[in-house]
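J.: All residue numbers for the sequence shown refer to the numbering used here, where the first residue is 1 and numbers rise by one.
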Amino acid sequence: MKPEFFRAQDRYQERISKRIGYATHIENNEVTLTDEKGDTFTAPLDSLEYAPVKSDGEYWIKLNSNYPITRTNAFLCHKAGDKDALPVGDHVCIGGADQVRFGDHQGQWQVTIDAPYDEETDSDVRFVGYFASRKEAIEVLWNERKSIATD
């Protein structure tokens, strides 16, 4: 987490333990957070990332901590399994929502899902659509996990 993107009262998670809390105070790059139970804990600022926006235990929506929360892109992730090229327990990003910077759809949010490579289109993503807001794009991205699970 870059210090310039940190905002008190936002929801963060500690990168290793995955403990989630709302930031209440920062001093000397040490952040005090309060979890859902009301317990407080501290973590170094550089160990924090935005907490997942949505999660069902297997899939989650992760926000990119390299940008301010008001304009960051989002990733649909899932836990790596036996068929993935990563150790079991790691995560794999399988889709995303990004704000379009140029062209006819500038300012809208584009949602794509990873797909097997298609020679005809020379692409390894499936375009889902353009959406007016990040919130709407995240909702669509979240719902796409259902079709991925059955593909």
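Backbone N, C-alpha and C fix where the C-beta goes; we use that ideal spot for every residue, glycine too.
What number of angstroms, rounded off, separates the C-alpha of Lys37 from the C-alpha of Pro116?
T.: Counting from 1 along the sequence shown, the entry for residue 37 is found at position 37. Counting from 1 along the sequence shown, the entry for residue 116 is found at position 116. About 43 angstroms.
J.: For Arg134, I'd like the list of residues in its chain whose CB is within less than 6 angstroms of its CB, leaving aside the five on either flank, ordered along the chain.
T.: On the sequence shown, position 134 is the one that residue 134 refers to. The residues are Trp109.
J.: Please report how far the alpha carbon of Asn28 lies from the alpha carbon of Thr42, in whole angstroms.
T.: Here residue 28 refers to the residue found at position 28 of the sequence shown. Here residue 42 refers to the residue found at position 42 of the sequence shown. Cα to Cα, Asn28 sits roughly 12 angstroms from Thr42.
J.: Our contact map puts Asp98 next to Asn73 with C-beta atoms below 8 angstroms; I'd like the distance itself, whole angstroms only.
T.: In the sequence shown, counting from the first residue as 1, residue 98 sits at position 98. In the sequence shown, counting from the first residue as 1, residue 73 sits at position 73. Contact holds; Cβ gap of about 5 angstroms.
J.: If I measure Cβ to Cβ from Asp151 and keep anything under 8 angstroms in the same chain, skipping five residues before and after, which residues do I get?
T.: Counting from 1 along the sequence shown, the entry for residue 151 is found at position 151. Reliability of the predicted coordinates at Asp151 is poor, the pLDDT of 46 falling under 50, and no value is obtained from them.
J.: With DSSP collapsed to three states, give me the class of Thr112.
T.: In the sequence shown, residue 112 corresponds to position 112, counting from 1. In the structure shown, Thr112 sits in a strand (DSSP, three-state: E or B).
J.: Going by DSSP in three states, Glu137 sits in which element: helix, strand or coil?
T.: By 1-based counting over the sequence shown, the position of residue 137 is 137. Reading off the sequence, residue 137 comes out as Ala, not Glu. DSSP places Ala137 in helix when its eight states are reduced to three.
J.: Could you name the residues of the same chain whose beta carbon sits closer than 8 angstroms to that of Glu144, not counting the 5 residues immediately before and after it, in chain order?
T.: Stepping through the sequence shown from its first residue, residue 144 is reached at position 144. Cβ within range, chain order: Leu76, Gly95, Val111, Ile113, Val128.
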